[in-house]
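Chains as they are written, first to last, in the numbering used here: chain A, 485 to 829; chain B, 485 to 829; chain C, 485 to 829. Each residue gets a CB set at the ideal place from its N, CA and C atoms; glycine is no exception.
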Amino acid sequence: MGTFPVNTWYVAAQSHELGNKPLGRTICNAKLVFYRQADGSVAALEDFCPHRGAPLSLGRVCEGQLMCGYHGLVMGCDGKTVSMPGQRVGGFPAIRAYPAVERYGFIWVWPGDAAKADEATIPQQHWHNHPDWAFGGGLYHVKADYRLMVDNLMDLTHETYVHASSIGQPEIDETPCKTTASSDEVVTSRFMHNIPAPPFWRAALRGNGLADDVPVDRWQICRFTPPSQVMIEVGVAHAGHGGYNAPDSHKVYSVVVDFITPETDTTMWYFWGMARKFKPKDEALTAQIREGQGKIFSEDLEMLERQQANLSRWPERGLLKLNIDAGGVGARRVIDRWIAAETAT
Amino acid sequence: MGTFPVNTWYVAAQSHELGNKPLGRTICNAKLVFYRQADGSVAALEDFCPHRGAPLSLGRVCEGQLMCGYHGLVMGCDGKTVSMPGQRVGGFPAIRAYPAVERYGFIWVWPGDAAKADEATIPQQHWHNHPDWAFGGGLYHVKADYRLMVDNLMDLTHETYVHASSIGQPEIDETPCKTTASSDEVVTSRFMHNIPAPPFWRAALRGNGLADDVPVDRWQICRFTPPSQVMIEVGVAHAGHGGYNAPDSHKVYSVVVDFITPETDTTMWYFWGMARKFKPKDEALTAQIREGQGKIFSEDLEMLERQQANLSRWPERGLLKLNIDAGGVGARRVIDRWIAAETAT
Amino acid sequence: MGTFPVNTWYVAAQSHELGNKPLGRTICNAKLVFYRQADGSVAALEDFCPHRGAPLSLGRVCEGQLMCGYHGLVMGCDGKTVSMPGQRVGGFPAIRAYPAVERYGFIWVWPGDAAKADEATIPQQHWHNHPDWAFGGGLYHVKADYRLMVDNLMDLTHETYVHASSIGQPEIDETPCKTTASSDEVVTSRFMHNIPAPPFWRAALRGNGLADDVPVDRWQICRFTPPSQVMIEVGVAHAGHGGYNAPDSHKVYSVVVDFITPETDTTMWYFWGMARKFKPKDEALTAQIREGQGKIFSEDLEMLERQQANLSRWPERGLLKLNIDAGGVGARRVIDRWIAAETAT
């Protein structure tokens, strides 16, 4: 059985990565090239010129058409050659085209059966372009199975150890989490009351013009949806104002946005970011939070890559499934169900 | 079937690379060491000391003899040990010696059956040490099957795309090439008339004291001879003076010199250079042309290496054989014939 | 048959490498983590957290206990989990613990059957903490079978070639060595009389306040003991004072200390050093000798790594076993006997 479903949408790139040059990127073991057409819409193809096998991603985009950089073959967005200097191209073999859509500031691609691709199933991002929200994020390439990142994000007790100086605090370990699973969603949540805010959240409070030296309530609501999106509602409120339900004037409330895309079976593209619901117009604050989050999330990378190396070295060893792992275990159950359904048909 | 013939001469090094130290280099999957003997002549051996397997290329040359740098074994140019401190060496196993010759500014090696090596078959280089000619060149290591470079050089339509800012121009694409093949030679040629000269050729015209802003005739005559030499007559003449046949006073005429030597099945040593038949004593011009050509030819490397990566990833995919590919296709036909002949015997 | 015995002690680290952080290191193909317990004693475990497979070497040491850096699991020195926040750990699978001991300034580990580990069999280092002796050393990682280093150290004729500018001199080649083997020891020795001292030894003579421009007697007594320790008595004495047996006032006398530990079948950890029996309190001299030796010994690394590459490329080729190789050949015979004995049981 494979390690990921393919009849689904994955984030392939951040919108700003795709300018007027083609972008080569492997997604779910498929070597792809992405480019923008004349109307700005995105196309995705196999990164293979049918003429001599050159990577189309080394080419250029001319008036919205992808041109091979080796001998000038012009490729259509459907994978059929449009033209080539001095050649009749009708008989050229087609390359595979992949459904691709730009939405919510990302490029989404459907690596599986194109006939089944439905843009309506791209998960809505309510914070995108909303006047109450601001977003900043980035991309990491990680040499680990994408599911190790899902595990990581669905069990935040690791914050106490991996991110001790920023968002970790012993109260996370001390507060049990609660995990629920419906057919296609797994939620694990933790609510902490009357605790000190750790450094990252103290800075966020100050960024929102709130006192940072008073007790807070803190929440973490991790929500996995397949194939590999983890949205985490996070924040702190001054204690005594209702916690998660406190009015915006007494809290800092954000959503950690995670799109985790398999590159290969043991490597991933990790799109991370934070959508916040305070001071949305403060661009300096956006940059500051983005930098802080980028630094924190980079702390996970060595751990995951060396965890992957260990698992590859000892493939026969089972892992423990503790209560704190229930989120990741539930997420893998959903993933396995999706893969099995694809395999059956 | 292998990817290259072995009963033939390949260029292994430029003469100036081989000073008074041994040179280790893999040629046609054989790990070799080259060195100069007392009379300056070249010897080539397996890079393996029969004592403990140390690479002889880490040793030194003492009075024209190759001495292992580990324990002082002195190796003869025939692969038989000459001496070793305190040892009788008569029973030492021999290592393989390879025919090697220095000629035309290069070191040539014969990787196959030594009994068949005939120095008379080393291809003549008429430009070498000729008073009317000057030469400059260099060496690139390329992680691609050497035949991809043959293809590249036998189809110069790629200049329009890969070398757009130097030697490329749309007229190359617009002018059909003509390809002819005899038993052991493939020639593909293109003649363009009354066109603007691209930047590289404008500079060459100026270097020869000619106007660079007038229409020119341009020619490209690519000549493949096995195993993997591609000589390309190139140049431009002021239009109206006879083109390729114009007198030297109205043109710039050069030969692109390409010796392409397999290192392994998917890597190569690419010896490139340009022999020019104008201003042969102008060493500054030689350096300038060499630098320009080196920069232009380096533009092919990423393309070929990533093309190779694509072909290795999709080995089952056939490549198109268009009219522009006739030169490369013909060259591979000759190569395959040579390999088949070797395999048969 | 394997390449190394496992029911024996190997040096895994220098004492100063192991501070208050865990140290990850592969020894004999086993991926291990070392750390200091509360009393300073050393523990060694598989570098694998039973919870999710994270490497424990990325964790920290808290009050002498090893804590996983991912989710805070506390591992005991016996490989059984001690505790984990919010968890009952009684049923957690154990990881393997390895006997480990700190002695003579090094961390020793027993990669094989723990029941057979006997600290009494750690080889005594008479120079350690002895008022007449001083020691300086270092560690090199070498991409070669550890036995190639044993060969290297048991045949010092290579000094003439690899270390020509420091300890090499033609008299080494000219003076036959004598090799003797008992059941578990191989000794190869060479005594040279009335020769000039090479640069390294001239500096040592000066360091001991002795004239460096007079003829000397020089000795090299290489002693291999399994699994892979080579101690080499080396030194020079002013000629005419008894050579090896000269009084300390007329000689410089040292022991080259070599512990060679397999990392994998084709890579090693090479712990090198020099214990000297002159001016033991002169720390500047210790530093100077250590730097000189480190530079000299680094000259072997490229040779051994490329020798290994050659042997891996031509695995079917036998190596010569000359008289100068008798030390290494004898050492391998002992090693093979040890491995065979382990395999038999």
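- Under the DSSP assignment, Thr644 of chain B falls in the alpha helix (DSSP H) whose first and last residues are 643 to 646.
- Residues Gly553 of the same chain have their beta carbon placed closer than 6 Å to that of Leu542 of chain C, with the five preceding and five following residues left out of the count.
- Under the Cβ criterion (8 Å, minimum of three pairs), the region 585 to 592 of chain C counts as touching the region 492 to 503 of chain C.
- Setting aside the 5 residues that flank it on each side, Glu747 of chain C is surrounded in the same chain by Thr510, Trp753, each with a C-beta closer than 6 Å to its C-beta; the list follows chain order.
- Excluding its 5 nearest sequence neighbours in each direction, Trp617 of chain B has C-beta neighbours in its own chain below 6 Å: Trp611, Ala759, Lys761, Pro764, listed in chain order.
- Remark: C-beta atoms of Val495 of chain C and Gly508 of chain C do not approach each other more closely than 7 Å.
- Against chain C, a Cβ distance below 8 Å from Gly537 of chain B picks out Gln791, Asn794, Leu795, Trp798, Arg801, Leu803.
- Residue range 713 to 722 is occupied by the beta strand (DSSP E) that includes Ile716 of chain C.
- With 16 or more neighbouring CB atoms inside 10 Å of its own CB, Asn636 of chain B falls in the buried class.
- No residue range can be given for Ile579 of chain C, since it is assigned to no alpha helix (DSSP H) and is classified by DSSP as neither H nor E.
- Residue environment analysis places Val670 of chain A among the buried positions, since at least 16 neighbouring C-beta atoms fall within 10 angstroms of its C-beta.
- For Asp657 of chain B, the chain A residues whose C-beta falls within less than 8 Å of its own C-beta are Gly556, Pro569, Gly570, listed in chain order.
- With contacts defined as CB atoms closer than 7 Å, Phe532 of chain A and Ile606 of chain A fail to qualify as a contacting pair.
- Taking a contact as a CB-CB distance under 8 Å, the pair Arg702 of chain A and Val714 of chain A does not count as one, their CB atoms being some 18 Å apart.
- Counting C-beta atoms within 10 angstroms of its own C-beta, Thr664 of chain B has fewer than 16 neighbours from the protein chains shown and is therefore classed as exposed.
- Following the DSSP letters along the chain, one finds Trp703 of chain C inside the beta strand (DSSP E) bounded by residues 700 to 709.
- The Cβ-Cβ distance between Thr641 of chain A and Gly652 of chain A does not fall below 7 Å.
- If the five residues before and after Arg707 of chain A are omitted, its C-beta is found closer than 6 Å to the C-beta atoms of Val671, Met715, all from its own chain and listed in chain order.
- Rounded to whole angstroms, the Cβ separation of Val698 of chain B and Met787 of chain B is 33 Å, and the two are not in contact under 8 Å.
- Sequence-ordered contacts of the region 629 to 649 of chain C with chain B read Leu632, Asp635, Asn636, Asp639, Thr641, His642, Thr644, Tyr645, Val646 [C-beta pairs closer than 9 Å].
- Secondary structure of Gln608 of chain B (DSSP, three-state): coil.
- Nearest to Arg631 of chain C by alpha-carbon distance, out of C:Glu789, C:Asn807, C:Leu806, C:Arg801, is C:Glu789.
- DSSP places Met676 of chain C within a strand segment (E or B) once states are collapsed to three.
- Residues of the region 743 to 764 of chain C with a Cβ closer than 8 Å to any Cβ of chain A: none.
- Measuring C-alpha to C-alpha distances from Gln549 of chain C to each of C:Ala538, C:Cys561, C:His555, C:Pro539 identifies C:Cys561 as the nearest.
- In the structure shown, Ala695 of chain C falls within a coil segment according to DSSP collapsed to helix, strand and coil.
- DSSP places Tyr630 of chain C within a helical segment (H, G or I) once states are collapsed to three.
- Note that the C-beta distance between Asp668 of chain A and Gly811 of chain A is not below 7 Å.
- Per the coordinates, the alpha-carbon of Glu775 of chain B lies some 12 Å from the alpha-carbon of Phe619 of chain B.
- The C-beta of Lys735 of chain C has 16 or more other C-beta atoms within 10 Å across all chains shown, which makes the residue buried.
- A Cβ of chain B is located within less than 7 Å of the beta carbon of Leu542 of chain A.
- The beta carbon of Met715 of chain A does not come within 7 Å of any beta carbon belonging to chain C, so the residue lies off that interface.
- Collapsing the DSSP output to three states places Lys779 of chain B in a helix.
- Pro683 of chain C sits close to Ser650 of chain C, with the two beta carbons spaced by under 7 Å.
- Residues of the same chain with a CB within less than 6 Å of the CB of Gln609 of chain B, apart from the 5 flanking positions on each side, are Tyr588 in chain order.
- Take the alpha-carbon of Met568 of chain C and the one of Gly556 of chain C: they are about 6 Å apart.
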